[in-house]
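To start, the structure itself, in structure tokens.
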Amino acid sequence: MKGLKILLVDDEPLIRLSMVDALEAIGYDVEAAASGTEGIGAIRQRPFDLVITDLRLPGADGLTVLTAAKEQSPPTEVVVITAHGSVETAVGAMKLGAFDYITKPFQMDELLSIVERVGRIVLLRRENQDLKSVLEDKFSFGGILGANNQMRAVLDKIKLVAGTDSTVLILGESGTGKELVANAIHQNSTRSLQPLVKVSCAALPETLLEAELFGHEKGAFTGALRQRRGRFELAHRGTLFLDEIGEISPIVQVKLLRVLQERQFERVGGNDRIDVDVRLVCATQKDLRKEVSQGRFREDLFYRLNVVQIVIPPLRQRQEDIMIIADHILKTCSGKMNKTLKGFSSVSRELFMRYSFPGNVRELENMVERAVALGKDREAVQPSDLCGFQSCPYTGGTAQES
2 MKGLKILLVD DEPLIRLSMV DALEAIGYDV EAAASGTEGI GAIRQRPFDL VITDLRLPGA
62 DGLTVLTAAK EQSPPTEVVV ITAHGSVETA VGAMKLGAFD YITKPFQMDE LLSIVERVGR
122 IVLLRRENQD LKSVLEDKFS FGGILGANNQ MRAVLDKIKL VAGTDSTVLI LGESGTGKEL
182 VANAIHQNST RSLQPLVKVS CAALPETLLE AELFGHEKGA FTGALRQRRG RFELAHRGTL
242 FLDEIGEISP IVQVKLLRVL QERQFERVGG NDRIDVDVRL VCATQKDLRK EVSQGRFRED
302 LFYRLNVVQI VIPPLRQRQE DIMIIADHIL KTCSGKMNKT LKGFSSVSRE LFMRYSFPGN
362 VRELENMVER AVALGKDREA VQPSDLCGFQ SCPYTGGTAQ ES
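Going by our numbering, the sequence shown opens with residue 2, and the numbers climb by one from there.
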């Protein structure tokens, strides 16, 4: 592999020069050092793919150079050069992480053969890292995973809209990850250093939701003992995420429309107009067009909200993503809970692929987390670890552990 970055540490000038000439003739990028101390200094200055070091050196011995190289950059490979009578020391170096050793006197072809092997490993490692980066860029964004064509289109749309200031309407069933999309949009926007304020519109009755969004003055209603800023004010210059926007009452719809049109509002019980600069991101599992046609949602507000629409497909329509997401959740949960689980048995995977996941990603996440928390500490998740999969009707019968 041409361009391999090599540090050569040897205190014998003739041997050092002959090795440098042979390595550079092939196209390797070689730096030479005449002592262990000099070699360690070079290691701390720049990264190397390979360090070739004699074991017996002035200043610091080869084992110290090996240790320094591995501490500075664990992927760096190290080859040690040893005299015939020091083979045991070379074997000890292998235990410390050396790639290989070569015994003096040696033919240059022996050294070049070892370096070529290292080059193949480094190249493969780089290709794997490049592939990982491509896959991460292609199949994930802002914590959202998706290899399915529909989800890749969603991720592409999120990337495009994040840098704009457009109002976004996110549609999808419960548990599909609408809040994750809102997070990704905010985190990759020009407002990312400002607040992301979230409101669940379905969690509050009309009167409380109005005060929650717009704030209230002291004495505006019973219990309003002091002035309180609303979520619009708190989100000034940032992003306001309104979840379940389809649940808001006609009165709140009118007020919300006015804010979108005028970029101003009054607190409940107040007369002063307050200017606000907010990017609005909304989400709902309802069909808002149907709500409009049935008179439950204002048509003018719908068009104000529906500037950019992002539709998240349910998990049952993106089977390619089920195990990608499950593996990611398993890795995260196993690390947090200090468990040894590294994957799923073949039967567990089959059960996942046969299930429709009515609760979508949220249900999958809960299922895997429960399996990690309550399952036996072993390498693979078995059907018996999965929320009664063996007795649930959707499994089509009992399953045996693989």
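Yeah, the Cβ is synthetic: ideal placement off N, Cα and C, and Gly gets one too.
In this structure, the straight-line span from the alpha carbon of valine 308 to that of glycine 247 is close to 16 Å. The residue among Ala23, Ala94, Leu258 and Glu32 with its C-alpha nearest the C-alpha of arginine 305 is Leu258.
The segment 312-319 and the segment 262-271 do not touch, with fewer than 3 CB-CB distances between them shorter than 8 Å. Inside the segment 352-380, DSSP marks whole alpha helix (DSSP H) runs of 4 or more residues at positions 361-375, from first to last along the chain. Annotated as distal: aspartate 166 and arginine 290, with beta-carbon spacing of 8 Å or more.
The alpha-carbon separation between arginine 47 and aspartate 101 amounts to approximately 22 Å. Annotation: lysine 158 to leucine 172 spans about 13 Å, alpha carbon to alpha carbon. Assigned with DSSP and collapsed to three states, histidine 217 falls in strand. Shown here, glutamate 211 sits in a helix according to DSSP, grouped into three states. At a cut-off of 3 residues, the continuous stretches assigned as beta strand (DSSP E) that sit fully inside the segment 218-274 are 240-244. Beta-carbon to beta-carbon, alanine 70 and valine 52 are separated by about 5 Å, close enough to satisfy the 8 Å threshold.
In this structure, DSSP gives isoleucine 103 an extended state, which the three-state scheme calls strand.
Annotation for alanine 284: the continuous beta strand (DSSP E) segment containing it runs 280-285. Apart from sequence neighbours up to five positions away, the residues of its chain that approach arginine 238 with a beta-carbon distance below 6 Å are Gln195 and Asp278, ordered along the chain.
The residue from Val269, Asp276 and Leu210 with its alpha-carbon nearest to that of glutamate 245 is Leu210. Under the three-state reduction of DSSP, serine 74 is assigned to coil, being neither helix nor strand. The C-alpha of aspartate 273 lies about 41 Å from the C-alpha of valine 155. Counting the other CB atoms within 10 Å of its CB gives isoleucine 252 a total below 16, which places it among the exposed residues. One thing to note: isoleucine 103 has its Cβ no nearer than 8 Å to the Cβ of leucine 97.
Annotation: isoleucine 326 to glycine 376 spans about 19 Å, alpha carbon to alpha carbon. Under the 10 Å beta carbon count, arginine 121 is surrounded by fewer than 16 other beta carbons and is classified as exposed.
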